[in-house]
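A short write-up of the structure that comes next.
Residue numbers (my numbering), protein chains in the order written: chain P, 82 to 242; chain X, 9 to 148.
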């Protein structure tokens, strides 16, 4: 992840995001309706801030034309030497909202590493946890959202019980 | 639509089915909207033959997004102050998820009335896939 990411908040992106979580609430796409509500404008669903991934130039979970990709094409994976690790899974996610996002916001997201720790699990072997703190500030420098994510790398795929 | 502090009490619950028979198409939609294109969520061949999983499974953030839909339906739009979860089990295509909020406390914070909620989302087998908590502003 880059240390600082510029994230413009756009109405069409909010609409697509809300659709993808199956949320048909008009507050996420209908300006006229939104004007009649307490908030008074279109807002973003609570988990939208993580769509910052779209704006991270170095995001490693996005295919791009000039690099080998670990997903399938001709072969099950495009990597010639697939990594033994199954990659990261998301373990925890916490948001604190200082105000609601709205289309037109120009956010600057700063990314800071947090704690790291390890744990042994029966279902996936050794677990390596890494915390990431993201602070979302708006065009006026005001803190809008604080996000704390915990990622986990597993020694082997999670066993299905 | 907002909740009233005077009408809420500890132990009150609200629950909704937030997805019925989760489709692979929805996983593709979530990848496209969120920017998380991890093949674990869209690429069955990769999952089975390279990653050691029985097939694609949902993004943790999709489970959180689905749970969030129940939450905002309950507390009202623009009312959330805090929302956090832990992903406890994977979610698979075909799953039907029920998200539930339970009132823990109604209290005052910075001159406002807020409600603290405990959250749990379970699949069709009763297995917990998400646990969490949230705080939302409520009307006095």
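Just so it is clear, CB atoms sit at the ideal spot from N, CA and C, and this is done for glycine as well.
Which residue comes first and which comes last in the beta strand (DSSP E) that contains residue i?
| i | result |
| --- | --- |
| residue 121 of chain P | Neither: residue 121 of chain P is in no beta strand (DSSP E) and is coded neither H nor E. |
| residue 237 of chain P | No beta strand (DSSP E) holds residue 237 of chain P; DSSP gives it neither H nor E. |
| residue 176 of chain P | 169–178 |
| residue 194 of chain P | 187–202 |
| residue 89 of chain P | 85–89 |
| residue 206 of chain P | 206–218 |
| residue 64 of chain X | Looking at the DSSP string, residue 64 of chain X is not in any beta strand (DSSP E), and its letter there is neither H nor E. |
| residue 13 of chain X | Note, residue 13 of chain X: premise wrong, no beta strand (DSSP E); not H, not E. |
| residue 125 of chain X | 120–130 |
| residue 142 of chain P | Per DSSP, residue 142 of chain P belongs to no beta strand (DSSP E) and is neither H nor E. |
I'd like the span of the alpha helix (DSSP H) that includes residue i, first residue to last.
| i | result |
| --- | --- |
| residue 89 of chain X | Run containing residue 89 of chain X: none in the alpha helix (DSSP H); it sits in the beta strand (DSSP E), 88–95. |
| residue 80 of chain X | 68–83 |
| residue 34 of chain X | 32–42 |
| residue 94 of chain P | 92–101 |
Alpha carbons only, please: which of the options is nearest the one belonging to residue i?
| i | options | result |
| --- | --- | --- |
| residue 112 of chain P | P:222, P:182, P:213, P:92 | P:92 |
| residue 102 of chain X | X:61, X:32, X:13 | X:32 |
| residue 207 of chain P | P:142, P:159, P:198, P:215 | P:198 |
| residue 107 of chain X | X:98, X:114, X:95, X:131 | X:131 |
| residue 169 of chain P | P:204, P:241, P:236 | P:236 |
| residue 229 of chain P | P:200, P:105, P:193, P:142 | P:193 |
| residue 104 of chain P | P:126, P:121, P:114 | P:126 |
| residue 146 of chain X | X:140, X:137, X:53, X:80 | X:80 |
| residue 99 of chain X | P:88, P:239, P:130 | P:239 |
| residue 108 of chain P | P:211, P:181, P:216, P:218 | P:181 |
Can you pull the chain P residues whose beta carbon is under 8 Å from the beta carbon of residue i, in chain order?
| i | result |
| --- | --- |
| residue 89 of chain X | 177, 178 |
| residue 53 of chain X | 153, 157 |
| residue 79 of chain X | 127 |
What residues from chain X crowd round residue i, counting only those whose CB sits closer than 7 Å?
| i | result |
| --- | --- |
| residue 118 of chain P | 85 |
| residue 131 of chain P | 42, 69 |
Determine the chain P residues that contact residue i at a beta-carbon separation under 7 Å, and present them in chain order.
| i | result |
| --- | --- |
| residue 44 of chain X | 134, 142 |
| residue 37 of chain X | 100, 101 |
| residue 27 of chain X | 103 |
Would residue i count as contacting chain B if we go by Cβ distances under 8 Å?
| i | result |
| --- | --- |
| residue 31 of chain X | In the displayed structure, chain B is absent; the protein chains listed are P and X. |
Along the region 98–110 of chain P, what residues have a CB closer than 8 Å to any CB found in chain X? 98, 100, 101, 102, 103, 104, 106, 108
Scan the region 55–75 of chain X for residues whose Cβ lies nearer than 7 Å to a Cβ of chain P and list them as they occur along the chain. 57, 58, 59, 60, 61, 62, 68, 69, 70, 72, 73, 74
Against chain P: residues of the region 91–120 of chain X by CB proximity under 7 Å: 91, 92, 93, 94, 95, 98
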